[in-house]
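Here the working numbering = 1-based position in the sequence shown + 20. Below: one structure, written as structure tokens.
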Amino acid sequence: MGQSIKGKIAYITGASSGIGKATAIELAKQGVNIGLLARSEQKLKDVSERIQNLGVSSQYQVVDISDETQVDNAITQLEGLLGKADILINNAGISTYGNVDEVTSAEWKQIFHVNVFGTYHVTRRVLPHMKEKNQGDIIMISSSNGLKGTAGSTAYSGSKFAIQGMAEALMQEVRPNNIRVFTMNPSLVATELVFGNDLSEKNEDKFMQPEDLAEYIVSQLKLHPRIFIKQSLQWATNPF
């Protein structure tokens, strides 16, 4: 048998929309208390209120995870208001598409500051409690671009390959502490990051929805503590 996750505390980055929002809501339905981290205060407030209506606790902090000081302050606030994290979902990420000679160095740096250093900042801040407790779950939302680079995504693919290496090494480091590190590599998901404002009902027939990944995440967290899926690749069945 698996395990119940009711009553646990999950921190989610990039929680104001897309995969982060869907995962927060799905976890709340399972009785998990949710700490939300993102840059848009109004969106965070809306998600937090929706979660509270599901009968669990929710707190949010507005934060740019590329700024380590902001991360430290935000996590300290969440720990005081909600409690320390049993589950961390590193979901926040940005992207700029273009060939290597088309994307500016400033854009490259920003992608790595958010996608790589931001993930590092949050993980490093949350990890000590998990190690002290000798248990925890860390889910890295990477991308299929973290396994195979594609033309026009040099900066984004580079950042996601970095996440792959970070997650692999972290997994080896924390297994003795009963901390599970899952890495997910979804292909196209119908989110604003991928489609911008061009989201429509037609996407539902072709592409994975954030709710699909949220359900998958819950299923992974419910596995017996002695087992975890180190890496998984999610594809749409027929996006053609």
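Cβ coordinates follow ideal geometry from the N, Cα and C atoms, glycine included.
Consult DSSP for residue i and reduce its assignment to one of helix, strand or coil.
| i | result |
| --- | --- |
| Asp157 | strand |
| Val52 | coil |
| Ile29 | strand |
| Ile237 | helix |
| Pro206 | strand |
| Ser37 | coil |
| Gly138 | helix |
| Gln14 | With the chain represented from 21 up to 260, any question about residue 14 goes unanswered, as that position is not in the structure. |
| Gly118 | strand |
| Gln229 | coil |
| Leu167 | coil |
| Val201 | strand |
| Lys222 | Bear in mind that a pLDDT of 49 at Lys222, under 50, signals an unreliable position, so the model cannot answer this. |
| Ser60 | coil |
| Val67 | helix |
| Asn110 | strand |
By a C-beta neighbour count over all protein chains shown, 10 Å radius and 16 as the cutoff for buried, is residue i buried or exposed?
| i | result |
| --- | --- |
| Ala48 | buried |
| Val52 | buried |
| Thr174 | buried |
| Asn111 | buried |
| Tyr117 | exposed |
| Met150 | buried |
| Lys222 | Confidence at Lys222 is low in this model, with a pLDDT of 49, below 50, so its placement is unreliable and no value can be given for it. |
| Gly100 | exposed |
| Ala171 | exposed |
| Gly185 | exposed |
| Gly34 | buried |
| Asn258 | exposed |
| Val91 | buried |
| Val146 | buried |
| Asp106 | buried |
| Thr96 | exposed |
| Asn165 | buried |
Roughly how many whole angstroms lie between the Cα atoms of residue i and residue j?
| i | j | result |
| --- | --- | --- |
| Glu188 | Val76 | 32 Å |
| Gly27 | Asp84 | 27 Å |
| Gln81 | Glu88 | 14 Å |
| His141 | Phe260 | 38 Å |
| Gly178 | Val123 | 13 Å |
| Gln229 | Ile109 | 17 Å |
| Lys65 | Ser36 | 8 Å |
| Val67 | Ile45 | 8 Å |
| Ile29 | Gly103 | 7 Å |
| Gly38 | Gly22 | 27 Å |
| Trp128 | Ala182 | 13 Å |
| Ser78 | Thr139 | 21 Å |
| Ser125 | Ile131 | 10 Å |
With distances taken Cα to Cα, identify the nearest neighbour of residue i among the options.
| i | options | result |
| --- | --- | --- |
| Trp255 | Thr116, His133, Phe227 and Pro245 | Phe227 |
| Asp232 | Pro245, Ala42, Gly185 and Lys168 | Ala42 |
| Pro206 | Gln97, Lys168, His133 and Thr124 | Lys168 |
| Lys180 | Val209, Asp225 and Val134 | Val134 |
| Gln192 | Tyr236, Ala94, Ile237 and Lys250 | Lys250 |
| Leu208 | Asn197, Asp225, Ile131 and Asp121 | Asp225 |
| Gln155 | Ala234, Arg195 and Gln240 | Arg195 |
Check the Cβ-Cβ distances between residue i and every residue of chain B, and say whether any is below 7 Å.
| i | result |
| --- | --- |
| Lys49 | Looking at the structure shown, chain B is missing, and only one protein chain is on hand. |
With hydrogens ignored, establish whether the beta-carbon of residue i is closer than 6 Å to any heavy atom of the ligand ATP.
| i | result |
| --- | --- |
| Asp87 | You won't find the ligand ATP in this model; it holds no ligand whatsoever. |
Item to check | the segment 153-166 contacting the segment 190-210, beta-carbon criterion three pairs below 8 Å | outcome: yes
Checklist entry - With contact counted as at least three CB pairs below 8 Å, one residue from each stretch, are the segment 228-247 and the segment 56-67 in contact? => result no
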